[in-house]
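*Asks:*
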Amino acid sequence: MYKVLLVDDEINILEGIAAIVDWKSCGTELTAKANHGQMALEMITEDQPDIVITDIKMPGLNGVQLIQKVHSLYPEIRFIVLSGHDEFEFAKTAMECNVKHYLLKPSNEQKIETALKQVVEDLDEEVDKAQFLENMRDHLQQVMPKAKEQFLKDYITNKKYGVQDWEHYRELFEIDTNSKEFRLVVIKIDDPYEYEHLLALKKIVVEKLGEEQVPLETTIGDKIVVLAEMSSLNAIIEKAKEAKQDFTSFYPIDYTAAISDLGSINDLRALYNETLNCLTQRFYVSGGSIITMQDLKKVETSMEELQYDHEDLIYAIRSGNTEAVLQYLNDFFEEVKQKNYEVSLVQSHCLELFMSIIRQAGKEGMDNYFKQIFIFQEYDKFHEIRQFIEKAATEISEHHYERTKQTQSNIINRVVEFVERNLDDPELSLSRIASEVLYMNSDYLGKLFKKEKGERFSNFLINRRIEKAIEMIEQSEEVKIFEVAETVGFGNNPRYFGQVFKKYTGVTPTQFINNKMSE
1 MYKVLLVDDE INILEGIAAI VDWKSCGTEL TAKANHGQMA LEMITEDQPD IVITDIKMPG
61 LNGVQLIQKV HSLYPEIRFI VLSGHDEFEF AKTAMECNVK HYLLKPSNEQ KIETALKQVV
121 EDLDEEVDKA QFLENMRDHL QQVMPKAKEQ FLKDYITNKK YGVQDWEHYR ELFEIDTNSK
181 EFRLVVIKID DPYEYEHLLA LKKIVVEKLG EEQVPLETTI GDKIVVLAEM SSLNAIIEKA
241 KEAKQDFTSF YPIDYTAAIS DLGSINDLRA LYNETLNCLT QRFYVSGGSI ITMQDLKKVE
301 TSMEELQYDH EDLIYAIRSG NTEAVLQYLN DFFEEVKQKN YEVSLVQSHC LELFMSIIRQ
361 AGKEGMDNYF KQIFIFQEYD KFHEIRQFIE KAATEISEHH YERTKQTQSN IINRVVEFVE
421 RNLDDPELSL SRIASEVLYM NSDYLGKLFK KEKGERFSNF LINRRIEKAI EMIEQSEEVK
481 IFEVAETVGF GNNPRYFGQV FKKYTGVTPT QFINNKMSE
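To convert, note that position 515 of the sequence shown is 515 in our numbering; the numbers rise steadily by one, no gaps.
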């Protein structure tokens, strides 16, 4: 309900309007009455109404003056004017103060109610608009970080973006930077890792570099990409070392960081390629290294001509998709053969590819494959290298498939065992098991359960509880329904237990007991 203040110096008119208007049907309530302008102004100051219905000709502070004063203080208050004076000067003032309803006296209750409903409709529309804008602001606050990440990723990987696009999106996303030169820090985790490791490492690196020095950051495949406003190479190296120390104190995982030369926004794609070139040297340096372009320039290499990141291959191996692994390698080797790259380039690149593949085998498996590098280095035929890599990739992919399958079965077995031990717990749920027992995402656990058992967890739990109830009834000569309900997890709600029991068996617990006794 919107609050209304009624103002008129003629008491009979004031009380008459207050009595005859159906305020409630208009979506309003009459909360105050004033018999002169000054009194109305004091009431408005003390408790602002939403709507003011006022006369014009009043002693002291007249209606026009009241509207002007209130509009300057509370421009959101709406006015409906009742007057016997249809004067141009008033109409001009009223329009300046956004008064849209001017009713000439005498004016009956129908006209006043019509004007009130129109004002209420306008106010409702403003409330809806304000709520919509507030919801949009909240939504934008939630999606803005992801949008910024996607923008940087697209800017680096999509050639159609240019400086003008950067300026447009910088304003759109409120990217806080006026810097003309930047460095890219690109990080690739060396060891097997989970997605949470990637997010944690990105957060630590950004914090160490200083959020005010990092206008944008993202991930591209399995690489972290950070745009840094730091011209000093030594300073950024020191910050990268600090980040490594903090990260490895939480996770004993090595990673390699590559730092580009300085460049403008227009150079971002070139800077990114610089860091990729740096990362190709990971095999030749110790784990956890920080590689810069200065380091790369010291190494004579022509690897720029043969570059593949093999992200799809690594994903297929870790997913246990052997068919996709072999298809990818076939396409890769056929392309290499067709382009007829120089032999040393192929050998060097394939060695790096082999290292990437065996990193997916786990520590023990990796150690065994690592010993085969000496065999690999003896190969001087293209098909020998191809067969060697395909064999390793296939074996590791099949290992991931079996391990994933076994792990999933073990997880679901633990769920079933926990249900059996806690069947009497009315609070038993998949989300609780996921968070308190298995420490994993409940949605993912639900999908695993349905894949393994062929039914949703909720259906499984109800079925198992009803099965347990039937067992109790069949194994006991005298059984109380409320005790059965409590034992199978329905708590102190035997009525609900009876409803569920009937749904799944077709009879109530009492009928089931009677049928059993009559047999």
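Glycine residues also receive a C-beta, built at the ideal position from the N, C-alpha and C atoms.
(1) What are the boundary residues of the beta strand (DSSP E) that includes histidine 101?
(2) Is it buried or exposed, glutamine 475, if we count other Cβ atoms within 10 angstroms and call 16 or more buried?
(3) For threonine 301, which residues of its own chain have a beta-carbon under 7 Å away from its beta-carbon, when the five flanking residues on both sides are left out?
(4) Is the Cβ-Cβ distance between leucine 184 and valine 225 less than 8 Å?
(5) DSSP state of lysine 447, grouped into three classes?
(6) Cα separation between valine 64 and isoleucine 56?
(7) So the candidates are Asn422, Leu438, Phe388, Leu430; which of them puts its Cα closest to the Cα of asparagine 410?
(8) In the DSSP assignment, the alpha helix (DSSP H) including alanine 18 goes from what residue to what residue?
(9) Between tyrosine 328 and aspartate 312, how many whole angstroms is the CB-CB distance? I'm expecting something under 8 Å.
(10) Report the rounded CA-to-CA distance for isoleucine 412 versus glycine 491, giving the unit in angstroms.
(11) Which residue from Phe497, Ala34, Asp261 puts its Cα closest to that of proline 426?
(12) Which term fits histidine 383, buried or exposed, when burial requires 16 or more other beta carbons within 10 angstroms of its beta carbon?
(13) Could you check where the beta strand (DSSP E) with isoleucine 433 kicks off and where it finishes?
(14) Please list, in chain order, all residues of the same chain as cysteine 26 whose beta carbon is under 7 Å from its beta carbon, the five residues on each side excluded.
(15) Which of the three DSSP states is assigned to serine 83 in this structure?
(16) Pick helix, strand or coil for arginine 269, following the three-state DSSP scheme.
(17) Measuring CB to CB, does isoleucine 156 end up less than 8 Å from isoleucine 220?
(18) Taking the continuous beta strand (DSSP E) assigned at isoleucine 67, which residues delimit it?
(19) Under three-state DSSP, which class holds aspartate 295?
(20) Does DSSP put leucine 198 in a helix, a strand or coil?
(21) I need the boundaries of the alpha helix (DSSP H) containing leucine 41, first residue and last residue.
(22) Mapping DSSP to helix, strand and coil, what is valine 488?
(23) So, under 8 Å CB-CB, leucine 14 and leucine 6 are touching, yes? Tell me the CB distance rounded to an integer number of Å.
(24) Specify the secondary structure class of leucine 262 as computed by DSSP and reduced to three states.
(25) Rounded to the nearest angstrom, what separates glutamine 68 and leucine 172 at their Cα positions?
(26) Where asparagine 514 and glycine 506 are concerned, what is the direct C-alpha to C-alpha distance, given to the nearest angstrom?
(27) Just confirm the distance between the C-beta atoms of phenylalanine 376 and phenylalanine 388, as a whole number of angstroms; I'd bet it's less than 8 Å.
*Replies:* Put simply:
(1) For histidine 101, the uninterrupted beta strand (DSSP E) segment begins and ends at 101–104.
(2) Glutamine 475 is exposed by the Cβ-count criterion.
(3) Unreliable positioning characterises threonine 301 in this predicted model, as indicated by a pLDDT of 40, which lies under 50. A coordinate reading is not provided.
(4) With respect to valine 225, leucine 184 sits close: the two C-beta atoms are nearer than 8 Å.
(5) Here lysine 447 sits in helix by DSSP.
(6) The straight-line gap from Cα to Cα measures roughly 6 Å.
(7) Answer by Cα proximity: Leu438.
(8) Segment 11–20, the alpha helix (DSSP H) holding alanine 18.
(9) So it is a contact: roughly 6 Å between Cβ atoms.
(10) Going from the Cα of isoleucine 412 to the Cα of glycine 491 covers about 25 Å.
(11) The shortest Cα separation from proline 426 among Phe497, Ala34, Asp261 belongs to Phe497.
(12) Exposed, because fewer than 16 other Cβ atoms sit within 10 Å of the Cβ of histidine 383.
(13) Careful: isoleucine 433 lies outside any beta strand (DSSP E) and carries neither H nor E.
(14) For cysteine 26, where only same-chain residues beyond five positions count, the Cβ hits under 7 Å are Glu113, Leu116, Lys117, Val120.
(15) It is a strand residue.
(16) Of the three classes helix, strand and coil, the one that applies to arginine 269 here is helix, per DSSP.
(17) Between isoleucine 156 and isoleucine 220, the C-beta gap is smaller than 8 Å, which places the two residues in contact.
(18) Per DSSP, isoleucine 67 belongs to no beta strand (DSSP E); it is in the alpha helix (DSSP H), 63–73.
(19) In the three-state reduction of the DSSP assignment, aspartate 295 falls in the helix class, which pools H, G and I.
(20) Helix at leucine 198.
(21) Annotation for leucine 41: the continuous alpha helix (DSSP H) segment containing it runs 37–46.
(22) Under the three-state reduction of DSSP, valine 488 is assigned to coil, being neither helix nor strand.
(23) Leucine 6 and leucine 14 do touch by the CB rule: their CB atoms are close to 6 Å apart, below 8 Å.
(24) In the three-state reduction of the DSSP assignment, leucine 262 falls in the coil class, being assigned neither a helical nor a strand state.
(25) Going by the C-alpha atoms only, they are around 39 Å apart.
(26) Cα to Cα, the separation comes out at about 14 Å.
(27) 6 Å between Cβ atoms; contact.
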